[in-house]
Amino acid sequence: MRIERVLAPNPGPYTGAGTNTWIVDSGTAVAIIDPGPVHLDHARAIVEQVGGRKVEAVLVTHTHEDHAPLANHLAREFDVPAYGHQPGPGFDPDVRLTDGSEVEIGDLRIRVVHTPGHSDDHLCFLAGRVLFTGDHIMGGSSVMVERLAPYMESLERIRHLDLEALYPGHGETMTDPYEVIDWYIAHRLQREAEILRAVRDGASSVADILEVVYRDVDRSLHPLAAHSVRAHLEKLAADGRVVVEGQTVRIASEGSR
Ligand SMILES: [Zn+2]
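Below is the structure:
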């Protein structure tokens, strides 16, 4: 197996250097993972990188706009199916994948691992001992989390796979997969503790919490961090630790647990 990257020209605060489009070559055929946004130069760069090789599948980790919208166009161009968990903005999979699905690329089997959390429709792809992580794990930063309890479960799930490397949707590849996964788990637990402490100390809104807990994080990322704070509060409320009423949050009194 050979893996090549084509970096999409969409750098930004949420995407780092841009989206990583991965080309996975089994030796006899290739798969394209996360074609990225609809961008003519990027489409050309992917087609050029593929060269004369036989494409058998276009795979999508999740339907966010920096990963999926080019997929149907590219699949049509190569006359192969586009694969994903479910339809989303600018994407409609020809073949729907669920946990445990397999896609054959030549003699390479790519196994699908459903990893909800960053988004409900998020998939990781396991090829040999390499895991393509999309936005479940990024190279060099934490990720925005939509729903925290499933996200933590999804981290535990990939931790139990036999891995030698992580190939993320943004940032560089990681060859210490278990250290990275453990850092992600520890980071979320730390954020949870910090948010709980902030609420105990008087923070009563998402904005208050951002000011305290994310004071070291660039302000341009605060709108994104707000999603993660809400996800944390939702879990803390479900656990009976805080009470969320409309836009306000407070510590749950012992009696209300
Ligand atoms: Zn992304």
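As numbered in numbering that gives the first Met the number 0, residues 0 to 256 make up the sequence shown, in order. Where a beta carbon is used, it is the ideal one built from N, C-alpha and C, also for glycine. Everything numeric in this text was worked out from a predicted model, so none of it was measured.
Residue closest to residue i, alpha-carbon to alpha-carbon, out of the options
{"i": "H113", "options": "M137, Q48, G83 and E145", "result": "G83"}
{"i": "L6", "options": "V29, P12, D33 and R128", "result": "D33"}
{"i": "G11", "options": "H61, K234 and H169", "result": "H169"}
{"i": "P8", "options": "A67, N19 and R1", "result": "N19"}
{"i": "I180", "options": "M0, I194 and E155", "result": "E155"}
{"i": "H38", "options": "G26, Y13, G50 and D65", "result": "D65"}
{"i": "M137", "options": "T60, R229 and P149", "result": "T60"}
{"i": "V54", "options": "V79, E178, A237 and M151", "result": "V79"}
{"i": "L223", "options": "S140, V144 and D106", "result": "V144"}
{"i": "A30", "options": "D40, A81, H41 and G17", "result": "A81"}
{"i": "I194", "options": "I184, I208 and V111", "result": "I208"}
{"i": "S203", "options": "R190, L232 and R218", "result": "L232"}
{"i": "D120", "options": "L107, E103, V102 and D91", "result": "D91"}
{"i": "G51", "options": "N71, L58 and G26", "result": "G26"}
{"i": "S141", "options": "P36, A236 and H117", "result": "H117"}
{"i": "A109", "options": "V23, I157 and G139", "result": "As written in the sequence, residue 109 is Ile, which differs from the Ala given in the question. Looking at the Cα atoms, V23 is the closest of the given residues."}
{"i": "G15", "options": "G245, L220, S252 and V228", "result": "L220"}
{"i": "E171", "options": "R1, W21 and M0", "result": "W21"}
{"i": "V198", "options": "A148, T62 and V228", "result": "V228"}
First through last residue of the alpha helix (DSSP H) which encompasses residue i
{"i": "D24", "result": "Taken as a continuous stretch (DSSP letters only), D24 belongs to no alpha helix (DSSP H), being part of the beta strand (DSSP E) at N19 to D24."}
{"i": "R229", "result": "H221 to A237"}
{"i": "E210", "result": "V205 to V212"}
{"i": "E152", "result": "L147 to R158"}
{"i": "E76", "result": "A70 to F77"}
Host beta strand (DSSP E) of residue i (start-end)
{"i": "E244", "result": "V241 to E244"}
{"i": "P167", "result": "A164 to P167"}
{"i": "A126", "result": "L122 to A126"}
{"i": "T132", "result": "V129 to G133"}
{"i": "L107", "result": "L107 to H113"}
{"i": "R249", "result": "T247 to I250"}
{"i": "I136", "result": "Element bounds for I136: n/a, residue is neither H nor E."}
{"i": "V37", "result": "No beta strand (DSSP E) holds V37; DSSP gives it neither H nor E."}
Under the three-state DSSP convention, the category residue i falls into
{"i": "A44", "result": "helix"}
{"i": "E101", "result": "strand"}
{"i": "R187", "result": "helix"}
{"i": "Y82", "result": "strand"}
{"i": "I180", "result": "helix"}
{"i": "A194", "result": "It is worth fixing the name first, because residue 194 is Ile in this sequence and not Ala. DSSP places I194 in helix when its eight states are reduced to three."}
{"i": "R256", "result": "Its pLDDT being 47, under 50, R256 is placed unreliably in this model, and the value from its coordinates should be taken loosely. Three-state result, R256: coil."}
{"i": "V5", "result": "strand"}
{"i": "R260", "result": "In the structure as shown, the chain begins at 0 and stops at 256. Residue 260 is therefore absent and cannot be evaluated."}
{"i": "R199", "result": "helix"}
{"i": "V49", "result": "helix"}
{"i": "Y13", "result": "coil"}
{"i": "L58", "result": "strand"}
{"i": "M0", "result": "coil"}
{"i": "M173", "result": "strand"}
{"i": "V144", "result": "coil"}
{"i": "G116", "result": "coil"}
{"i": "A30", "result": "strand"}
{"i": "G89", "result": "coil"}
Residue i Cβ short of 7 Å to ligand 3 heavy atom set
{"i": "I250", "result": "As far as ligands go, the structure on display features ligand 1 and does not contain ligand 3."}
If you measure from each CB to the nearest heavy atom of ligand 1 and keep those under 5 Å, what residues do you get, in chain order?
D65, D134 and G168
Check whether the region 119 to 133 touches the region 156 to 173, taking contact to mean three or more Cβ pairs, one atom from each stretch, closer than 8 Å.
yes
Between the region 39 to 51 and the region 119 to 127, do at least 3 Cβ pairs fall closer than 8 Å?
no
Between the region 68 to 77 and the region 96 to 106, are three or more C-beta pairs nearer than 8 Å?
no
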